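Structure first, then comments.
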Amino acid sequence: MMDNSNLTLALLNLFLPLLSFSILILFGKKIGDKAHLVSLVLIGGMLAIAIRFFSNVFHYGAEPILETSIQWFTTGKFSVDLGFLINNVAAIMLLVVALISFLVHLYSVEYMKDDPRYSRYFAFLGIFTFSMNGIVLADSLVMMYIFWELVGLSSYLLIGFWFEKESAANASKKAFLTNRVGDIGMFIGIMILFFEIGSFQISGLIEGVQNGAFSGDMTLLTIAGVLVFMGAVGKSAQFPLHIWLPDAMEGPTPVSALIHAATMVAAGVYMVVRIFPILTPDALEIIAYVGGITALIAAIIAITQNDIKRVLAYSTVSQLGYMIMALGVGAYQAGFFHLTTHAMFKACLFLCSGSVIHAMHHALHELKDHDTDPQDMRNMGGLRDKMPITFWAMFISTLAISGVPFFSGFLSKDAVLAGSLSYYHHHHGWSLFLPIAGFGAAVITAFYMFRLIFMTFFGNSQNKDIYSHVHESPFKMTFPLILLATLSFAIFFTLPSTINPFDSHGWFTHAVPMVENVAGLNMHEVEEGLHHAHHSAMMISLAVAGIGILMAILFYLSKSIDAKKVANTLNKVKLYNLSFNKFYIDEIYNILLYKPFLAFSWLCSKLDWDLYDQKFIDGWGWITIKLSDKSGEADYNWLDQKIVDGCGRLTQYFGRNLKLTQNGVVQNYLLGGIMGLLLLIIIFQQF
Amino acid sequence: MESSILTLLIFLPVAGALLMLPFAKLYGKENPHIYKWIALVTTSLQLVLAWVLYSNFNPAMSIAESPFTVQLDWITHFNIQYYLGVDGLSMPMVLLTALLSCICIIASWNIEKQALGYFSLFLLLDAGMMGVFLSMDFFLFYIFWEVMLLPMYFLIGIWGGPQRMYAAIKFFLYTLFGSVFMLLAMLALYYYSDPHTFSLITLIQTAGSIDAEIWGMSVKYLIWISLFIGFAIKVPVFPFHTWLPLAHVEAPTAISVILAGVLLKMGTYGLLRISYPLLPSEVVNFSYILAVLGVINIIWGAVNAIAQIDMKKMVAYSSVSHMGYVLLGMAAVVSESPEGAQAGLNGALMQMFNHGTITAMLFLLVGMIYERAHHRWIIFPQDYKQPELAGQIAFGGIGAKVPVYTAFIAMAFFAGLGLPAMSGFISEAMCFIGGFSVFRTLTIIGTLGILLNAIYFLRAYQRIFLGPLNEVYKDLTDITGRELITIIPLAIIVLWFGVYPAPLLNMIAPAMDGIIQIVQSVI
């Protein structure tokens, strides 16, 4: 009975947003500017269900809340099942998705007001939320892959929502294609796992590995794990496939908050969390390095960006790198913990930036200024007084992302860093890179986030006209900011077990217990290592956050250091340009992959058509025609003209000459007759 | 009634075509109304019949047991029979043919030129296609195969684009070249089998015991090769594919739909109906080459599609790519893993059906924009008649202007690139899964198709529909009611089988199992 009602709720949770999509896509024109009412009611219902599931988390049981599946189709031996697996991790994720989705819907009511495709926008948000829920609920890799692609579609539609902009159209295509590169790997990985273990279900896979499906060939399991992880590299924008996420900022800002900061990009991390038990230590090592490299590189790029959303985009990439690194070093809880806290404060940051952009946009609109970029921080400054709610919300979430005590980011980031430190303690050698990347990225994060805050909200306004026209956003936009900023306080993740702000052992740790890794990683060792590294990690991370913030103050608040001078000095060895131009990765791909490939395909088409078909295939036709011409000529000139007509001419010749013998002299006829008779006798005597 | 339904399916269109003739005297050949209405009624009736057949169809019954089977002596001297039957292999193809024929008549509503000729030839083509899918006698099969060819030749050659004659001749000769090999194979099967027969059902038992040799080569091997060439040209398998882009581009919209939607399937259908059950040991020996060719098709078709600047040509090359999936899935019949073999073969047949519906949508939609803009360039070619436009993006931004049309073409494009929840995804994935169970490396190369197919569809979509609106097309009109009638049924099918493929699989799985058993019994 219990299970049945849970199943109904899970189904509703999944399909309510799809209903919102269907209604709005079919009747959007009629509903018009009331579209948000449909969505808000349906997504609100979904949020209520998510809260209901979430309440189960506090039972702290390891048993799943719901695990059920039905057969989707079968060919007899080959069947594919679809089903739900809601454990505590999924329940927490469901709430994250539902909460942020609801807030973004609410926020969008103002933000997207007067957009000509208003109802379509809410429809797309609906199909995104549906697909995202699908990933969270999925009990099998196949189902996950299906919804994986569907979030890709919704992301494509929303990035390119203002498709009249060439840059938005490009960005949406780039996002979809880059993700597909990762998806190929994921698909191959799923196939390997299926044929080695015989299951698509996550529980089946874990059981299979535990029962020794790969016992002879752990390398294959490593390969499979890394391949499946490639899906996460694409979706969670990890190096080297991170290039699509910054461009994805072309979409409306609430979309960036929902999809490209809090939920969809975290799907990759979530997927790794789900399959964590079957990832071998070797696979995890690769995952850790990918995460570490991503965290560091993206943070370095974020320093020099001037577009407020781009800073946040690279910050997202960097934070996702953290989560991936955490999972790679075995700090399973820390990775998911950081996902959760990050979802709140990063969504808040994006919505705040949206609030600023919205205000800038309106100011520019009133000034009839179409040239100034409303997203460029160099046009802002001093907005603190004008937009106090936005400022405070953004400030609080900046504290959280920078890892300042009392805020959620402090706890989760600390756990991640402890993981990297303990990993180094165990492995030594090159793994020193991981803590360096982790702490390095932490300094830089604190620095560029405070740079953003100072450039936007402090100092003198760069443009008095704009400044005077800027207003705080309306309540529908500020309410989500207030709520999300509140949730960036550490206390919401530690209660009720502890009120010590330096102790992360709250409800979250109890709700997400360590899992067992069945592919050879000793989780008890990991846990012990984490415990030991905990204190040193906390000290260092406090120090690095302090350094980062201090540097930002010196550079951008007190201006005691001239940022331009430093930039010029760094640029002597091209360091500044390297960061500003995102390590030229886009350009490298363009020159090494994209352009050559397009040239190759052009060449192939020439080969296929102009050479192969027109020359070779039609060549046969040409030869046939030539041959038949020749044989036609031969037929007429020789067979007909020479032989056939020749016979005629011969007959004619004989006729003409023989007629001379017809001279009417009887003696001659008699002589001829006798001669003939003699000839016959001679011939017959031969036989 | 039951035993006449198959005959009706084939000869109803013939009757329709004959019915048109008396009207030619009364109304003249040029008045299109009467002919298109006759054609529409005929094909609609045929569709209803196909549906009746489907709803009474029992997938578990073999041809021999099925109540629909018709087996009559025809030319007794050579043991040629009028032998029709339907099983899980032909059922989806029959439905597809009936559906697309009906839709294509509606899509041909604007045909003015020599309407009598067009619609009567179309109905003859329809009859030929049905005949191919229902014949269980090789001789009969061959006749229908050739019957199809002639109307197709004229439909391309008279109602086609600027290069129609060239395209029609090329199509005709290519196919005829294949037919010669098929004819040889058919005669060899007849003479070497004991008793001499053309019955495809009897030959399953007897063809295996042929062990003669010609010029030191096994006759069975030669038969397999000849059949393969005959069918490969239709699929088309690389390197026999170059008739396809030309014929698809030059043919009128409805004929492109039939070509890509039904005719291509005949190649793979022929392999599954004739080569696979009759020559299982050759299938086993040849499976690797089949998989290689499949992967080449996937990659080569997609890479070429990326370079195309003509929408129709792009869709045509995408067909080459998508038929590659079918070959890969079919090659998996030799898989040691029962899951793999079933996934591969069922996936292949599903992909045949799904590609038929998806590519039909694509060609119909491209045809609609062509009717409005009178061209279908994505980018104007370098030698375009207006030199200032050469190399420029031809449309651009029309998504804002024709939202409904754009929604449907977006759906068709995403179905084409194998997005889940669309039918193509499931069948493509199953072909890969099947292929992967036998040919790991090859299949991994083939999965590149997942990316490549997305590249050209998204590039084309962006260039045509996104970006700032090209002012030339500011008066473009959105999709009409008649056009919607042609598109919506296909869209529903694509979505339906994408979400719930079980009905399709239940229909085909037993027949596929039969083929797998035959092939696996000789391993």
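Chains X and Y, in that order, give the protein sequences. Residue 687 is where the first sequence ends in my numbering, and the numbering goes up by one at each step. Residue 1210 is where the second sequence ends in my numbering, and the numbering goes up by one at each step. A virtual CB, placed ideally from N, CA and C, is assigned to each residue, including glycine. Predicted model, so just to flag it, every value in this text is computed and none were measured.
- At a beta-carbon threshold of 9 angstroms, none of the residues of chain Y lie near X/Ile-625; the nearest stands roughly 12 angstroms away.
- For X/Ala-224, no Cβ of chain Y is located within less than 8 angstroms of the residue's own Cβ.
- Each residue's CA atom was taken as its position, placing X/Ala-302 and X/Asp-586 some 15 angstroms apart.
- In terms of beta-carbon proximity, X/Thr-75 lines the interface with chain Y, with at least one pair separated by less than 8 angstroms.
- The alpha carbon of Y/Gln-995 has as its nearest neighbour, out of X/Phe-600, X/Leu-42 and X/Asn-522, the alpha carbon of X/Phe-600.
- The beta carbon of Y/Val-971 sits closer than 8 angstroms to those of Val-1021, Val-1206, Val-1209 and Ile-1210, all from its chain and outside the five residues before and after it, given in chain order.
- For X/Ala-248 against X/Ala-295, the beta-carbon gap comes to about 19 angstroms, at or over 8 angstroms, which does not count as contact.
- In its chain, beyond the 5 residues on either side, Val-757 and Leu-771 have a beta carbon closer than 7 angstroms to the beta carbon of Y/Thr-694.
- Against chain X, the CB of Y/Val-990 has a partner CB under 8 angstroms away; the residue lies at that interface.
- Under the criterion of beta carbons closer than 8 angstroms, X/Pro-254 and X/Ser-108 qualify as touching, at roughly 5 angstroms.
- By the C-beta density criterion, Y/Tyr-1143 is buried, having at least 16 other C-beta atoms within 10 angstroms.
- The beta carbon of X/Ser-422 sits closer than 6 angstroms to those of Gly-529, Leu-530 and Ala-533, all from its chain and outside the five residues before and after it, given in chain order.
- DSSP places Y/Ser-1005 in the helix class (H, G or I) of the three-state scheme.
- Put simply, the CB of X/Ser-631 is far from chain Y, with every gap to its CB atoms at 8 angstroms or more.
- Per the Cβ contact rule, the region 515-527 of chain X is in contact with the region 209-228 of chain X (3 or more Cβ pairs under 8 angstroms).
- Taking 8 angstroms as the CB threshold, Y/Thr-694 stays off the interface with chain X.
- If you draw a straight line from the Cα of X/Asn-87 to the Cα of X/Ser-203, it is about 12 angstroms long.
- Here DSSP, grouped into helix, strand and coil, assigns X/Thr-569 to helix.
- Between Y/Cys-789 and Y/Leu-734, the C-beta gap is smaller than 8 angstroms, which places the two residues in contact.
- Against chain X, the beta carbon of Y/Asn-1033 has neighbours under 8 angstroms at Thr-75 and Phe-78, listed in chain order.
- In the structure shown, the three-state DSSP call for X/Thr-304 is helix.
- The Cβ-Cβ distance between X/Tyr-121 and X/Phe-161 falls below 8 angstroms.
- In the DSSP assignment, X/Leu-421 falls outside any beta strand (DSSP E) and within the unbroken alpha helix (DSSP H) covering 408-427.
- Under the DSSP definition of a beta bridge, Y/Tyr-770 partners with Y/Gln-758.
- Taking a C-beta distance under 8 angstroms as the contact criterion, X/Gln-375 and X/Asp-307 qualify as a contact pair.
- Burial is judged here by how many other beta carbons sit within 10 angstroms of a residue's own beta carbon; X/Ser-628 has fewer than 16 and is exposed.
- X/Lys-165 and Y/Leu-1156 have their alpha carbons spaced roughly 10 angstroms apart.
- Its chain contains Leu-783, Thr-784, Leu-787, Met-816 and Gly-1043 as the residues whose beta carbon lies nearer than 7 angstroms to that of Y/Val-949, once the 5 sequence neighbours on both sides are disregarded; these appear in chain order.
- In the three-state reduction of the DSSP assignment, Y/Met-869 falls in the helix class.
- Interface flag for Y/Gly-815 against chain X is unset, since no Cβ pair is found closer than 8 angstroms.
- If one requires a minimum length of 4 residues, the alpha helix (DSSP H) runs lying completely within the region 261-295 of chain X are 264-275, in chain order.
- Within chain Y, the residues whose beta carbon sits less than 7 angstroms from that of X/Gly-160 are Leu-1153, listed in sequence order.
- When the five nearest sequence neighbours on each side are left out, the beta carbons in the same chain lying within less than 6 angstroms of the beta carbon of Y/Gly-1083 are those of Gly-1154 and Asn-1157, in order along the chain.
- For Y/Pro-1025, the residues of chain X that pass the 7 angstroms Cβ criterion are Lys-77, in the order they occur in the chain.
- Remark: three or more beta-carbon pairs, one from each stretch, lie closer than 8 angstroms, so the region 1195-1202 of chain Y and the region 1028-1047 of chain Y are flagged as touching.
- At a cut-off of 8 angstroms between beta carbons, Y/Leu-980 makes no contact with chain X.
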